[in-house]
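Participant: In this note's numbering, the protein residues as written are 27 to 233. Pasting a structure below so you can have a look.
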């Protein structure tokens, strides 16, 4: 069964309905669309996450990203928290040192967020959920100012030897798993430069 990579449109071949296929062009692992959850199933799965402002471990997880943003972005810059979830936890970690708009497909679907242009956009633990990553990344890049920054935080598959046993691939909502090579492909596609790479985050600058 053949499909197209949702980022670069290269042909993919899946061995089963629930399998991933590795794109030879952009190096992403793409889940067979036949096994995608429905929106209601996605929401029920997300509600199991303990992402609350009272969950210190969740705030601790976001703190390195907040510090990375503050390292690159001047105070009072305008940013978009894309895929913010049900609570504005990153805003709390940033100590309100920047101005944030918020968008989430299920929990905060305010399309007015895309009527602005931003100094930076961050998507933490979002790209792996995207059914249409090219379309979404294109929309985000269009919302960035010249030399604006895009922070993509996820767990990359670069050092994973056995995808089948990797916890990230076992999450049924994870359908698009990227590597650093994928990020380089994204930078080339959207005329961006990668300016920093950390174990969990890649920072892109729009040219």
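C-beta atoms are modelled at their ideal positions from N, C-alpha and C, and glycine is treated no differently.
Between residue 164 and the rest of its own chain, which residues show a CB-CB distance below 8 Å, the 5 nearest in sequence each way excluded?
Facilitator: Within the chain shown, numbered from 1, the residue matching residue 164 stands at position 138. The answer, listed in chain order, is 216.
Participant: On the DSSP bridge list, what partners appear for residue 227?
Facilitator: Within the chain shown, the letter at position 201 stands for residue 227. DSSP lists 179 as partners of residue 227.
Participant: Less than 8 Å separating the beta-carbons of residue 62 and residue 200?
Facilitator: Here residue 62 is taken as the residue at index 36 of the chain shown, counted from 1. Here residue 200 is taken as the residue at index 174 of the chain shown, counted from 1. No, they are not a contact pair.
Participant: Report yes or no: do the segment 40-47 and the segment 103-110 share at least 3 C-beta pairs separated by less than 8 Å?
Facilitator: They do not touch, by the three-pair rule.
Participant: If you count every other CB in all the chains shown that lies within 10 Å of the CB of residue 77, and 16 or more means buried, which is it?
Facilitator: On the chain shown, residue 77 is found 51 positions in, with the first residue counted as 1. Residue 77 is buried by the Cβ-count criterion.
Participant: Grab me the residues of residue 140's own chain with a C-beta within less than 7 Å of its C-beta, minus the 5 sequence neighbours each way, in chain order.
Facilitator: Residue mapping note: residue 140 aligns to position 114 of the chain shown, counting from 1. Answer for residue 140: 165, 169, listed in chain order.
Participant: When we look at the beta-carbon of residue 58 and count the other beta-carbons within 10 Å, is it buried (16 or more) or exposed?
Facilitator: Counted from its first residue, the chain shown places residue 58 at position 32. Residue 58 comes out buried.
Participant: Check the DSSP bridge columns for residue 105 and list the partner residues they point to.
Facilitator: As a working mapping, residue 105 is identified with position 79 in the chain shown. Per DSSP, 126, 146.
Participant: Residue 96 and residue 120 look like a contact to me (Cβ under 8 Å); what is the Cβ gap, rounded to whole Å?
Facilitator: The sequence position of residue 96 within the chain shown is 70, counting from 1. The sequence position of residue 120 within the chain shown is 94, counting from 1. About 7 Å; that satisfies the 8 Å criterion.
Participant: Under 7 Å: does the beta carbon of residue 143 sit that close to some heavy atom of the ligand NAP?
Facilitator: This structure lacks the ligand NAP; in fact it carries no ligand of any kind.
Participant: Please classify residue 159 as buried or exposed, where buried requires at least 16 other C-beta atoms within 10 Å of its C-beta.
Facilitator: Residue numbering aside, residue 159 sits at position 133 when the chain shown is read from its first letter. Under this definition residue 159 is a buried residue.
Participant: In the DSSP output, what is residue 47 paired with across the bridge?
Facilitator: Stepping through the chain shown from its first residue, residue 47 is reached at position 21. In DSSP, residue 47 forms a bridge with 56.
Participant: Under the three-state reduction of DSSP, which class applies to residue 232: helix, strand or coil?
Facilitator: Against the chain shown, residue 232 aligns to sequence position 206. Residue 232: strand per DSSP, three-state reduction.
Participant: Check whether the Cβ atoms of residue 66 and residue 50 sit closer than 8 Å, and answer yes or no.
Facilitator: The residue you call residue 66 lines up with position 40 of the chain shown. The residue you call residue 50 lines up with position 24 of the chain shown. The answer is no: Cβ separation not under 8 Å.
Participant: Tell me whether residue 55 is buried or exposed, calling it buried when 16 or more other Cβ atoms sit within 10 Å of its Cβ.
Facilitator: In the chain shown, residue 55 corresponds to position 29, counting from 1. Buried.
Participant: Taking buried to mean at least 16 other C-beta atoms within 10 Å of its own C-beta, is residue 53 buried or exposed?
Facilitator: Working through the chain shown from its first residue, we reach residue 53 at position 27. So residue 53 ends up on the buried side.
Participant: Quick one: what's residue 37 bridged to in DSSP?
Facilitator: Mapped onto the chain shown, residue 37 falls at position 11. In the DSSP output, where bridge partners are listed per residue, residue 37 has 30.
Participant: Is the beta carbon of residue 145 closer than 8 Å to that of residue 171?
Facilitator: For this step, residue 171 is matched to residue 145 along the chain shown. For this step, residue 145 is matched to residue 119 along the chain shown. Closer than 8 Å, so yes.
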